[in-house]
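Worksheet for the structure shown next.
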Amino acid sequence: MAETENLDEGPDAAHRVPPGVDDATVEAVGAVTAAFEVVEHARGMLYAFHRLLGRADLELGDALDQLEAAGHGELADRVRADVLGRNVLDGRWTFQVVEEFDDGYHRAFADAERAVRDELLGGRRHVAEAQMKERRRTHGRPGHEALPPS
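For the sequence shown, numbering that gives the first Met the number 0 assigns the number 0 to the initial residue and increments by one for each residue that follows.
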């Protein structure tokens with residue numbers, strides 16, 4: 000539980016603005032975090048791309064087996080040789096694309112976002128959003144509490 004028993008008193012300590020930090024800094028750090036959240040969304044889509052193409056390759060394998068069983072073995076063999084197991088990018092299957100993204104761009108962006116928070120907000124997360132919640136919620140109304148129950 001937060002340092003208070005009153006669930007309507009505002010953000011917990013982990014989401015309060017540290018002493019000496021101005022509003023412009025809080026907003027700027029929030030903007031960096033928002034940009035990183037877009038990267039996280041893109042990363043999720045990259046994983047969806049990975050899963051969908053893997054599934055498509057497996058389904059194509061099954062479909063080619065059906066084509067062969069239906070008497071179209073030569074055509075099935077041509078498609079199998081040209082498409083089944085093919086790289087989606089030069090020398091890469093999707094797992095390699097995901098790994099390269101995770102180890103490169105994603106890691107660099109995640110490290111940068113954390114460094115900004117660490118240096119300017121003592122590592123606190125979502126401080127700007129906690130301030131927004133305080134401005135937008137109806138204080139004292141059920142369903143608008145500042146904190147979850149303990």
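Virtual Cβ for every residue (Gly too), placed ideally from N, Cα, C.
Excluding five sequence positions before and after Phe-94, the CB atoms of its chain that fall closer than 7 angstroms to its own CB belong to His-49, given in chain order.
Residue nearest to Val-20 within the set Arg-123, Glu-144, Glu-133 and Asp-101 is Arg-123 (criterion: CA-CA distance).
Here Thr-137 is exposed. Its C-beta has fewer than 16 other C-beta atoms within 10 Å. For the segment 9-71, the continuous alpha helix (DSSP H) assignments of 4+ residues that do not extend past its boundaries occur at 22-68, in sequence order.
With at least 16 other beta carbons inside 10 angstroms of its own, Leu-63 counts as buried.
As DSSP reads the structure, Arg-77 sits in no beta bridge. Taking 7 angstroms as the cut-off, the Cβ atoms of Phe-100 and Leu-45 count as close. Residue Asp-56 holds the alpha-carbon nearest to the alpha-carbon of Leu-83 among Thr-32, Glu-26, Asp-56 and Glu-133. The same chain holds no residue with a CB closer than 8 angstroms to that of Leu-51 once the five nearest residues on each side in sequence are set aside. One thing to note: Val-126 has its Cβ no nearer than 7 angstroms to the Cβ of Val-38.
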